[in-house]
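Below you'll find the structure, written out as C-alpha cells, and then a few comments.
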Amino acid sequence: MQNRIHQRLQQPEKIVSIYFTAGYPKRDDTLEVIQELVNNGVDMIEVGLPYSDPLADGPTIQQSSTQALKNGMSSQLLFEQLKDLRQITSVPVIVMGYFNAMLQYGVKAFCESCEKCGIDGIIMPDLPIDIYQAEYQSIFEQHQLSFISLITPQTSDERIKQLDEASNSFIYMVSSASTTGSQAGFGQTELDYFKRIHDMRLKNKLIVGFGIKDQTSFDQAAQYTSGCIIGSAYIKHITEHGLRQTKPFIKSLKEQ
Amino acid sequence: MQNRIHQRLQQPEKIVSIYFTAGYPKRDDTLEVIQELVNNGVDMIEVGLPYSDPLADGPTIQQSSTQALKNGMSSQLLFEQLKDLRQITSVPVIVMGYFNAMLQYGVKAFCESCEKCGIDGIIMPDLPIDIYQAEYQSIFEQHQLSFISLITPQTSDERIKQLDEASNSFIYMVSSASTTGSQAGFGQTELDYFKRIHDMRLKNKLIVGFGIKDQTSFDQAAQYTSGCIIGSAYIKHITEHGLRQTKPFIKSLKEQ
Amino acid sequence: GFYGNFGGAFIPEMLYPNVQELNEAYTTILASNDFKKDFNKLLRDYVGRPTPLYFAERLSERYQTKIYLKREDLCHTGAHKINNTVGQILMAKRLGKKRIIAETGAGQHGVATATVCALMGIECVVYMGAVDIKRQAPNVSRMKMLGATVKPATSGSQTLKDATNEAIRDWINNPTDTHYIIGSVVGPHPYPDLVAKLQAVISEEVEQQLFEKEGTKVPDHVIACVGGGSNAAGIYYQFLNNPEVNIIAVEAEGKGILTGESAATTRLGRSGIIHGSKTLLMQNKDGQITEPYSISAGLDYPGIGPMHANLFESKRAEFISVTDEDAMKAGLELSQTEGIIPAIETAHAFAIFKERQFNHDEILVFNCSGRGDKDLQTYTDYFKLID
Amino acid sequence: GFYGNFGGAFIPEMLYPNVQELNEAYTTILASNDFKKDFNKLLRDYVGRPTPLYFAERLSERYQTKIYLKREDLCHTGAHKINNTVGQILMAKRLGKKRIIAETGAGQHGVATATVCALMGIECVVYMGAVDIKRQAPNVSRMKMLGATVKPATSGSQTLKDATNEAIRDWINNPTDTHYIIGSVVGPHPYPDLVAKLQAVISEEVEQQLFEKEGTKVPDHVIACVGGGSNAAGIYYQFLNNPEVNIIAVEAEGKGILTGESAATTRLGRSGIIHGSKTLLMQNKDGQITEPYSISAGLDYPGIGPMHANLFESKRAEFISVTDEDAMKAGLELSQTEGIIPAIETAHAFAIFKERQFNHDEILVFNCSGRGDKDLQTYTDYFKLID
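Chains as they are written, first to last, in the numbering used here: chain D, 5 to 260; chain C, 5 to 260; chain Y, 1372 to 1758; chain B, 1372 to 1758.
What follows is the structure, encoded as C-alpha cells:
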C-alpha cells in the first residue's frame, strides 16, 4: 500500500498536522476548514468525526463534538461533505473517530466511503488491535486505508512492537498519558520518552500528538519524530477567532 | 376524719362540683373564680394545679394549664392565693394535680400548706394507691385531707375494692375511659356502668366526672351517684365568655 | 418495677388496666418458646441479626486502644429501635390487639413501629411533635410510605415529650383494642423492663462475638449514648452484674451545661416523675418539666430511663456529657476514619475521647446504635459541606 | 473477555496499561487465600453479611406463590454496591494504588466507594453528573461526610453516562497511581467479570440459605432489576449454568417504550460499544448514544452489562420491562405489605406481578438490592404523601 500519507512521510520536512472536528463551528464548515488549512501550508489533516461520548478527548474537543452533533453532523453527512475533497487538495487526510460510529455505519461501508472521498487513513482510538487484525485489517487494506495506532509513555516495549506491526504509515505517539489538551509544555520526561521510542527504530514513522500548542513544543517533539499533530489548540483558536483566522495560528507554528 | 367533703356528702342533694385551673385565665383569677362559683351555688370545687405534662387531661384543660403556667402559676403561689379561702366560703375545696408537683414541693409540706388554706382533699391521678398507702396516707390523714381515687369502666371489681379501701370521702368515677372533655353524652353502656358501681355499695360515695356538660348528662350520672364534676365544659365557657359569666353556666346545670 | 429509688408506675387510674394487662402477661410471653421462636426468626430474617461486632482498626490506632463497634446501624430501618418494635408487635398480637400507637421524636422509633405494623398488617398511629414533623420530614415520609397515620402533637414544645403525652392520651381513650409501643426504656413499669429485655439481644450477641474475636466475653468498657436509654440498656444488659465491665453513658450536653440549652439529665435533673416513671428529670423547682435541647432530636428528652437513673445514683455507670460541637466532630471523624456515618445520637458516644483516655490493651465496645442518613441535612449545614 | 458476541475491551490505548495491569492481576488476587480472608472478614464485620433471605409471607399470600427477598438493602450504605467496592479496594491496595476514582449516578456506588476509601484512608474522587448532583443531594452530602471529593460532570446530559466518561478520562490522565472502581458489570474486560465475581456472594448465600429454609438450593426463578446489572449479576451468578433456574431481568421502561423516554435497553437498543464494552446499547442510527430516561436514577443508563446482553440474546434470561408508574406502585406495595421501602431501582423487580404469574409452589428469589431512603423525596412527590 502506498497512499498520500506514505508519500508525505518520505519527505524529510517535519509534518505539521492539524486535527479539527467535522461540522464545527457550523455544520457546513468542514470543507472550508480544510481549504484554510491547505492554503496555509498544513502538511496533513485529521478530520474528527464527532461522537457523543469521546472518552479519549479533553473538554475542548468534546465541546466541539457536542456542538457539531447539535449542528447535525453524522458519518453520512461527513462523506457527503468530503466527496469533492480531492478536487481542492492532495495533502493526506485521516478520519479520526470512535469505533461505535464506524460499527453502526458498517465497517466495510465506512471504508468504502472513505476511499471514495480520498481519505488515506483512520484513527479509531478504541478499536483494539487484536480485533482490528482479526476482523478488519483486510478491509482497511483493500481500501488503501492506513490503520494508525496510538502509544503512550506507559505502553510497554512489547506492546509497542505489536502496535507497530498492526499499524500502517505512522504511529500516533501520545506525548504523555493524558486526554487531549490537558498538558502544558514538555519536560525532560517527555523528551526522554520521545528519544526512547525513536531509538526503537520501528517500521512506522512517529508523529506526536497531545500537548503541542506552540513552536517550542512543536520543535521539541519534532526533534525525534516526523512531526506533530495539533488539535485542541487549533480548535480553541478558531472558537475564539473564527476559522478565517487559521493563517496566524499556522504561521506561529511554521515560522522558522 | 371528718372534713367539709364528708359533711357535704351526708346531705341528700346531688352535688354540683366544678373543676377549674388555678391561675386561669389570669394569674390572680383563682380566688375570684372560687367566689363566682360559690356565689352561684356550686357545692364543691376542684382547684387544678396546672402541670406542664398533664397526661390525663384533654386539650381544653391542657391549654388552660399551659396558659396558667405562662401566667406564672406555681404550687407556692396557689397556696398564697388560697390563704384567705375560708374567709369567703365553706364549700369543700379539693386540689387536683399531678404528683410530681407535690413531690417537688415535698409531700408533707404540700399537705401542711393545704391544711393551712382549708383544703379538704387531694386528687392526684398519677399517685398509685400502693405508694400512697405505704408512704403518704398517714400524712394526708394527719392534715385532714381526703385522698380521692379514680375508677373507670375498665377497672376490675377487685381493684375497685382496693381503691375504695384507700380512698376517703368519695371515689371519682370516670364516666368512660377517656381523657377529660373527649366524650359526648352518655349511652346505655355508661348508665349500666354507673348502676353496676352503685350496686357494689362501696364505703365511699361516688361522684362522676368526665363528659358532663349539660343538665341531661348531669341527671343521668347523678341518678346512681352523689353528683358530678364538670371541668372542661366550664373552662371552655369562661374561656369564651369570661369568668363573670359563671352564673348562666351553673344555672343551666342546676335549673331543676 | 423499681430500680433502686427509680421506676414504678405513676399512672392515672385510666391507664391501670392497660398497663396491668401488659404487666401480667409480658414475662410469660417473653419466656414462652413460641414467642422466642417468632422473635428470633424475625430478628434474623427481617431485622438482619446478628449485627456485626466490627473492630475499628483505624480508630483504634488513633486512640491507642481496642475499639469495637456493635453495628446496630445495620439493622433494618437503620437503628436498634426495631429490636423492640418487633418484640412488642409479637406481644401485641398475643394480647389480641388490633391497633398500635407509638410516640416518636426524630422519627426512628416511629419508622420502626410503622414498619412492623406494615409487616403484620395492623393499623398504626404515630404521634410526633409538630416541630419534629417539620424538621424530620424524611422519616415522616417513611412512615406514610409504610401506611401509618402520623398525628401531630401540638402542645408544649411540640417535640418528643409532647408526642409521648399524646400517645398516652390515645391509649387512655382506647383501652381495650390498642397496644402502645413505647420506644425507649421509659414510661411506667413494665415498659422499662420490657424494652430493656427486648434490646438485651445486643449485649448477648456482643458476648458471643467478643469471645470469637478476643477469647473473652468481657469487654473493659461498654459505651452508649443515653437519651431515654434503650440502646444503652441493650448493650449494658448482660454486663450490668459484672463489676469487671465499666459502663459508660454519654449524655447530650447541647450548647453547654450552663447555657440553658442542654439535655444532660444527670447533671441538670433531679428525681421526679415523667411519663409514669420516677426517674431523674430536668424540671424547675415546682416540678414543671423543662424543655431540653440537643442538636440530636433523639437525645432531646428531659428524662432518662429509671434503670439509668439508678446506674447513675449507685455509681455503677460512669456518666459523661458531650456538647453538640464535640458530637458533630466525632460523627465526622467516624465517617472519615471508618466509613461509617453515625446518627448524631450515636456520634455523642464517640465523642468521649476528648474526656477520657484508655489503655492500649483495654477493649471498648461502642453501641453504634443508628446510621446518620436521617441527619445528613444537619451535618451538611453544620460543616457547610455543600456550597 | 467475551460473553457470546458481547464484552471485550474497546478502549483507547492510553487505558491499555491500566486495564492490562488489572486483567493480569485480578484472577490471581481473587483466588488468593489472603484476599479471600480479608474480603470475607470485611463482608461479615463491616458490610453485615450474610444478608438475610427473608420469606415475605404477606406478599406471598397476595400473589399465591413463594416469595423470598435477598436483603441486600441491609448492607452497610444501603445497597449491594458495597460488596464490589470492598473487593476492589482490597485489590487496589494489592496493586499498590494510592488514589481511587469512581463514577456514580444516583450516588449509591459513589457512597460505597467513598466509604471503603475512608475505611482504608485512601484518597477518593467521585465523578457525578451535574444534574445528578442536584437531584441526589443527600448522597452528595454522604460522600463529602466521608471525605471524598465529588467532581461534577458537565458534559452531555450531565448524568451517569457522562460521569463515567469523566472517570475514564481521569484514569487516562493518572495511569499509574490510580485505581478506577467501576460500579456495575459494565466497562472493558475485566470489569464485568470482576464485578460479577465480587457480587457472586449474593447467590452463594442464597443457595445455602434456601437450602436451610426449603431443603433445596435451587429456586424456580431469580429476579432482579437491570440498569448496568451488578445486582442482577450477583443474584444470577450461581444459577447461570443451571437450566432449572429461570432468570428474570426487569428493565426500566420509563414512561413507555414508544414515548422516547425509556431505559429499556433490550427493547430499544442494538449492539454497539459503550464505555469500552460491546453490548446492547440505546443509540441513534449513527451510533451516537441516546439519552435514556427512568424515574430511577440508578436504571437511567443507555446500556446493559455484556453478560446481560448475552443472557438476552441467548434467551437464557427472560427480560421484562416495567414503567415508572408500575415500579412506583410496586415500591409502595412492598412498603405497606412487608414494611420494606425499596429503592426505586429495586421496586422495578417487584412490579413483575402485573406482567407475569407464578404457580403457588414455585420459589421466587428477588434481589432486594437497595433501600429506598434515597428515594423518599421522589416517592413523596409521586404519591403526594405530605400535604
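For glycine and all other residues, C-beta sits at the position ideal for the given N, C-alpha and C.
{"Asked": "Which residue comes first and which comes last in the beta strand (DSSP E) that contains C/Lys207?", "Found": "That residue, C/Lys207, is in no beta strand (DSSP E); it is neither H nor E in DSSP."}
{"Asked": "Hey, Y/His1679 and Y/Ile1573: beta-carbon distance below 8 angstroms or not?", "Found": "no"}
{"Asked": "Which word fits C/Lys165, buried or exposed, when buried means at least 16 other C-beta atoms lie within 10 angstroms of its C-beta?", "Found": "exposed"}
{"Asked": "Looking only at its chain, what residues have a beta carbon closer than 6 angstroms to the beta carbon of Y/Phe1377, apart from the 5 residues adjacent to it on each side?", "Found": "Lys1649, Thr1650, Pro1677, Ala1680 and Asn1681"}
{"Asked": "So the alpha helix (DSSP H) Y/Arg1641 belongs to, where does it begin and stop?", "Found": "Careful: Y/Arg1641 lies outside any alpha helix (DSSP H), inside the beta strand (DSSP E) at Arg1641 to Ile1645."}
{"Asked": "Rounded to whole angstroms, how far is the Cβ of B/Leu1756 from the Cβ of Y/Ser1512, which I believe are closer than 8 angstroms?", "Found": "6 angstroms"}
{"Asked": "Near Y/Val1556, which residues of its chain fall below 7 angstroms by C-beta distance, leaving aside the five closest residues on each side in sequence?", "Found": "Pro1563, Val1566, Ala1567, Gly1599, Gly1600, Ser1601, Ala1604, Gly1676 and Met1678"}
{"Asked": "What do you get for B/Ala1701, buried or exposed, if any count of 16 or more other CB atoms within 10 angstroms of its CB means buried?", "Found": "buried"}
{"Asked": "According to DSSP, simplified to helix, strand and coil, what is B/Lys1745?", "Found": "helix"}
{"Asked": "Would you mind working out which of D/Arg90, D/Ala170 and D/Ser56 sits nearest D/Val42, comparing C-alpha positions?", "Found": "D/Arg90"}
{"Asked": "Would you say B/Asp1541 and B/Tyr1607 are within 8 angstroms of each other, going by their C-beta atoms?", "Found": "no"}
{"Asked": "Going by the DSSP bridge assignment, what does B/Asn1617 pair with across the sheet?", "Found": "B/His1592"}
{"Asked": "In its own chain, which residues sit with a C-beta less than 6 angstroms from the C-beta of B/Gln1435, not counting the 5 before and 5 after it?", "Found": "His1731"}
{"Asked": "Taking only beta-carbon positions, decide if C/Lys240 is within less than 8 angstroms of chain Y.", "Found": "no"}
{"Asked": "When you compare only the Cα positions, how much space is there between C/Thr70 and Y/Gln1728?", "Found": "46 angstroms"}
{"Asked": "In whole angstroms, what separates the C-alpha of Y/Gly1458 from that of Y/Ser1633?", "Found": "32 angstroms"}
{"Asked": "Roughly how many whole angstroms lie between the Cα atoms of D/Thr34 and D/Arg163?", "Found": "35 angstroms"}
{"Asked": "If you compare alpha carbons, which of B/Phe1610, B/Asn1404, B/Ala1595 and B/Leu1611 is closest to B/Ile1691?", "Found": "B/Ala1595"}
{"Asked": "Would you call the segment 17-34 of chain D and the segment 76-83 of chain D touching, i.e. three or more CB-CB distances under 8 angstroms?", "Found": "yes"}
{"Asked": "Within 8 angstroms (strictly less), CB to CB, does Y/Pro1677 reach chain C?", "Found": "no"}
{"Asked": "Tell me the residue span of the beta strand (DSSP E) that contains C/Asn44.", "Found": "No beta strand (DSSP E) contains C/Asn44, which DSSP labels as neither H nor E."}
{"Asked": "Could you give the DSSP three-state label for D/Leu89: helix, strand or coil?", "Found": "helix"}
{"Asked": "Grab me the residues of C/Gln260's own chain with a C-beta within less than 6 angstroms of its C-beta, minus the 5 sequence neighbours each way, in chain order.", "Found": "At C/Gln260, the pLDDT of 49 sits below 50, so the modelled position is not reliable and the matter cannot be decided from this model."}
{"Asked": "Would you report the Cα separation of B/Phe1683 and B/Gln1609, rounded to the nearest angstrom?", "Found": "17 angstroms"}
{"Asked": "Have a look at B/Phe1426, B/Asn1411 and B/Ser1431 and flag the residue whose alpha-carbon is nearest the alpha-carbon of B/Asn1455.", "Found": "B/Asn1411"}
{"Asked": "In the structure shown, what three-state DSSP assignment does Y/Cys1739 receive?", "Found": "coil"}
{"Asked": "Under 8 angstroms Cβ-Cβ, which residues of chain B neighbour D/Val178?", "Found": "Glu1384 and Met1385"}
{"Asked": "Under 8 angstroms, CB to CB, which of the residues in the segment 1495-1516 of chain Y have a partner in chain B?", "Found": "Ala1508, Pro1509, Val1511, Ser1512, Arg1513, Lys1515 and Met1516"}
{"Asked": "Mind listing, in chain order, the continuous beta strand (DSSP E) runs of no fewer than 3 residues lying wholly within the segment 1676-1724 of chain Y?", "Found": "1688-1694"}
{"Asked": "Taking just the CA atoms, how far does D/Pro16 sit from D/Tyr228?", "Found": "13 angstroms"}
{"Asked": "Counting beta carbon pairs with one atom in the segment 204-212 of chain C and one in the segment 241-256 of chain C, are three or more of them shorter than 8 angstroms?", "Found": "no"}
{"Asked": "Since B/Leu1490 meets chain Y, which of its residues come closer than 9 angstroms, beta carbon to beta carbon?", "Found": "Glu1428, Arg1429, Thr1708, Glu1709, Gly1710 and Ile1711"}
{"Asked": "Would you identify the three-state DSSP class for C/Gln260, choosing helix, strand or coil?", "Found": "Confidence at C/Gln260 is low in this model, with a pLDDT of 49, below 50, so its placement is unreliable and the value that follows should be read with caution. In this structure, C/Gln260 counts as coil in the three-state DSSP scheme."}
{"Asked": "Might you give, ordered along the chain, the residues of its own chain that have their beta carbon closer than 6 angstroms to the beta carbon of D/Gln224, omitting 5 neighbours on each side?", "Found": "Phe190"}
{"Asked": "Listed in chain order, which residues of the segment 1521-1540 of chain B have Cβ atoms closer than 9 angstroms to some Cβ of chain D?", "Found": "Thr1525, Ser1526, Gly1527, Lys1532, Asp1533, Thr1535, Asn1536, Ile1539 and Arg1540"}
{"Asked": "Skipping 5 residues on each side, what residues in its chain have a beta carbon closer than 8 angstroms to that of B/Thr1486?", "Found": "His1447, Thr1448, Ile1453, Thr1456 and Leu1517"}
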